[in-house]
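**Student:**
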Amino acid sequence: MTTVRSLEAVAGRGDWEVVGLAARHRRPPAPEVTPPVPVVGPPLPRLALYEAWHRLRRPRPQRYAGEVDVVHATGGVVPPAGGAALVVTVHDLAFLHHPEYFTRRGVRFMTRAWELARRGADRLVCPSRATADDCVAHGADPDRITVVPWGVRVPLLDEATVDGVRRRLGLPPAYLLWVGTTEPRKNLRGLLTAVARTRNELPLVVVGPEGWGADVSRLLADAGPRVLRLGRLPDTELHAVYSAATVFVWPSLREGFGMPVLEAMAHGTPVVTSATTSTAEV
C-alpha cells in the first residue's frame, strides 16, 4: 500500500515517466493495491523471475520497459539495473537478527537480496534511522543511505460511521487493539500472555491476517471471551477500529518502521509500544 501511494504521488508530478515491472500473476491485484502506472514484465511466475534476477542477473528491466534512468526496488527482491542507477528500499534486516522467525528458504533469499543491495545499489532508502544504522552495522556505506520515514493517509470518519462499524463488528465500548500479521516477531504471544495475567478487564481486539506460529494460534484459540479476533478488515472498517480503540498496544520485538503505530497515532489513539528498534523512533 505504501508503494502504491508513493507511485500515485510520483506519477502525478508529470516530470517523471514511471513504469512498473512485475512477474506474471494468476490473479490481478485487489483494486486498493492496483498500481496507478502501466506494468510490464516477462511471462514468468514470481519465484522464477526473482531467482533469475538474483542468481543470473537476468532479464534486465530494459528488455520490457525500454531505456530507464533509475531502477527502484521497493520490496525484498533486487533486479539488475542494466546500466541504470539502482535504488533499493530496505525495510528491515530482521532476518539477520532473528532467522528463527523465518523459513530457511526465506532467510537465504533475503540474505542474497541484501548482499546484492549492499554491494550494488547506488542508493539505499530506509524508513527509519534504526534501519539505516542496522544497514551500516551490516556493511553498507553510510554515504549511500537516505532515511525517508513513511507517512500515512487516514480518512476523517464521523462518529456515526465509527459507531456503525462498532455495532457491525460487535466491538465492546472500550478495548485494547493490536493490528498486524500473526508472526513471531510481532510478539502477539507476549501480549496475549500479559493480558491473561492481568486483572484489567479491558478486552483485546486482534486485527490482521493469519500468519505463522502454532503457539500464537493456540493462544488465540484458548484466549476466551477477553480476546476478539477479527481477521483482515477492509480499510474503512480498520480505520474505524483504530479510531474507537481505547489504547493501541504493539509490543513488537523488531521493526524497520512500525506502520500500525503511526496509523493509530494518526487517529489520535494512545499507543503503547516497544522501546526497541524503530517503534520508539516513530
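For what it's worth, the numbering used here labels the leading residue of the sequence shown as 706, then goes sequentially. The beta carbon of each residue, even a glycine, is placed where N, CA and C say it ideally should be.
Taking the C-alpha atoms as reference points, what is the distance between residue 871 and residue 877?
**Tutor:** 8 Å
**Student:** Look up residue 953 in the DSSP assignment and give the residues it is bridged to.
**Tutor:** The beta-bridge partner set that DSSP reports for residue 953 consists of 882 and 976.
**Student:** Pick helix, strand or coil for residue 937, following the three-state DSSP scheme.
**Tutor:** The answer is coil: DSSP assigns residue 937 none of H, G, I, E or B.
**Student:** Count the other CB atoms, across all protein chains shown, that sit within 10 Å of the CB of residue 730; report buried if there are 16 or more and exposed otherwise.
**Tutor:** Taking every protein chain shown into account, the CB of residue 730 has fewer than 16 other CB atoms within 10 angstroms, so this residue is exposed.
**Student:** Going by beta-carbon coordinates alone, are residue 823 and residue 851 separated by less than 8 Å?
**Tutor:** Taking 8 Å as the Cβ cut-off, residue 823 and residue 851 do not qualify as a contacting pair.
**Student:** Can you give the Cα-Cα distance for residue 771 and residue 760, rounded to whole angstroms?
**Tutor:** 22 Å
**Student:** For residue 909, does the three-state DSSP call read helix, strand or coil?
**Tutor:** strand
**Student:** Smallest Cα separation from residue 941: which of 869, 786, 830 and 849?
**Tutor:** 869
**Student:** Out of 774, 739 and 720, point me to the one whose CA is closest to residue 710's CA.
**Tutor:** 739
**Student:** Kindly indicate which three-state DSSP category residue 776 falls into: helix, strand or coil?
**Tutor:** strand
**Student:** Check for me: the alpha helix (DSSP H) holding residue 851 runs from which residue to which?
**Tutor:** Counting along the chain, residue 851 falls outside any alpha helix (DSSP H), though it belongs to the beta strand (DSSP E) covering 850-852.
**Student:** As a quick exercise: from 832, 799 and 725, pick the residue whose alpha carbon is nearest that of residue 986.
**Tutor:** 832
**Student:** Identify whether residue 811 lies in helix, strand or coil by the three-state DSSP scheme.
**Tutor:** helix
**Student:** According to DSSP, is residue 817 helix, strand or coil?
**Tutor:** helix
**Student:** Can you give me the Cβ contacts of residue 774 inside the same chain, cut-off strictly under 8 Å, excluding the 5 residues immediately before and after it?
**Tutor:** 789 and 790
**Student:** Looking at residue 781: is its Cβ nearer than 8 Å to the Cβ of residue 818?
**Tutor:** The criterion of a C-beta distance shorter than 8 Å is satisfied by residue 781 and residue 818.
**Student:** Whole alpha helix (DSSP H) runs in the region 737-766 with 4 or more residues, listed along the chain?
**Tutor:** Complete alpha helix (DSSP H) runs here, min 4: 751-756.
**Student:** Within 10 Å of its beta-carbon, does residue 856 have 16 or more other beta-carbons around it, so buried, or fewer, so exposed?
**Tutor:** By the neighbour-count rule (16 or more Cβ atoms within 10 Å), residue 856 is not buried but exposed.
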